[in-house]
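Participant: Quick one: the structure is below, questions incoming.
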Amino acid sequence: DVKVTQSSRYLVKRTGEKVFLECVQDMDHENMFWYRQDPGLGLRLIYFSYDVKMKEKGDIPEGYSVSREKKERFSLILESASTNQTSMYLCASSLMAQQINQPQHFGDGTRLSIL
Amino acid sequence: GENVEQHPSTLSVQEGDSAVIKCTYSDSASNYFPWYKQELGKRPQLIIDIRSNVGEKKDQRIAVTLNKTAKHFSLHITETQPEDSAVYFCAAKRGSGNTGKLIFGQGTTLQVKP
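As they're listed, the protein sequences go chains Y and L. Heads up, the final residue of the first sequence is numbered 115 in the numbering used here, and it's a clean run with no missing numbers. Heads up, the final residue of the second sequence is numbered 229 in the numbering used here, and it's a clean run with no missing numbers.
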């Protein structure tokens, strides 16, 4: 069974702080994703990585950056946290699709509050 | 741009009734459509998916239908039970490449009343 682990379930930080959210998967998946989940808006893609050191911006990358130094780990960084970044953050991973599309597997999420 | 619209945003049914959630998508190249269920305080979990070479797929009490011409797909839950209460998300794969990127609908909160 695929395991996607996010380092914190709940996190409280202050405005202006640099915040790190960590995600680790144990299934050797090539693809990893960071989403934010807000009521009524569904899951919105922040950043995506398809290989070590490779990354692509998603739909809402402003104010965020990512790091993928190892295949199993994908970090989301809030460079200078702001109150409008208070949200639920979800990490996901999937195999690189060859001929058959592969589902994404999610972590439990990190509920981040910026005060 | 790419978009997935999901309706309704909330749905309340009596136990034993059927529930239907509908989604429309804009990217003609999309060829993969998963559905996720998220129970309160838990992670989204894949419940069923459909690929563009089929029109319908069933798994016990849940089924998904796909109309590629009209660019819409639907989730059908029959004989609903209280444990079906959750938020359901539809999604469509972006483009025809192999990155696996999805675009999600806004979510439907399903409440099944005992």
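Where is the CB? At the ideal position from N, CA and C, for every residue including glycine.
1. Given that a residue counts as buried once 16 or more other Cβ atoms are within 10 Å of its Cβ, and exposed if not, what is Y/Asn101?
2. Mind listing which residues of the stretch 37-57 of chain Y have their C-beta closer than 9 Å to chain L's C-betas, in chain order?
3. Can you give me the C-alpha to C-alpha distance between Y/Ser65 and Y/Phe48, rounded to a whole angstrom?
4. I need the straight-line Cα distance from Y/Lys55 to L/Gly131, nearest angstrom please.
5. Quick one: give me the first and last residue of the beta strand (DSSP E) that L/Ile163 is part of.
6. For L/Phe204, return the contacting residues in chain Y, with the cut-off set at a CB-CB distance below 9 Å.
7. Taking CB distances under 8 Å as the criterion, tell me whether L/Gln221 reaches chain Y.
8. Below 8 Å on the Cβ atoms is my contact criterion, and I expect Y/Ile77 with Y/Ser67 to pass it. Report the Cβ-Cβ distance as a whole number of Å.
9. By Cβ distance below 6 Å, which residues in the same chain neighbour L/Lys152 in space, the five residues on each side in sequence not counted?
10. Could you please tell me which residues of the stretch 92-114 of chain Y, in chain order, have their CB closer than 7 Å to any CB of chain L?
11. How long is the line joining the alpha carbons of Y/Gly40 and L/Thr125, rounded to whole angstroms?
12. Could you tell me which chain Y residues have their CB closer than 8 Å to the CB of L/Leu225, listed as they occur along the chain?
Facilitator: Reading off the structure:
1. buried
2. Gln37, Pro39, Gly40, Leu41, Gly42, Leu43, Arg44, Leu45, Phe48, Tyr50 and Glu56
3. 10 Å
4. 46 Å
5. Gln160 to Arg166
6. Gly42 and Leu43
7. yes
8. 7 Å
9. Gln160, Ile162, Ala201 and Tyr203
10. Ser94, Met96, Ala97, Gln98, Asn101, Gln102, Pro103, Gln104, Phe106, Gly107, Asp108 and Gly109
11. 10 Å
12. Going along chain Y, no residue has its Cβ under 8 Å from L/Leu225, so there is no contact; the nearest lies around 15 Å.
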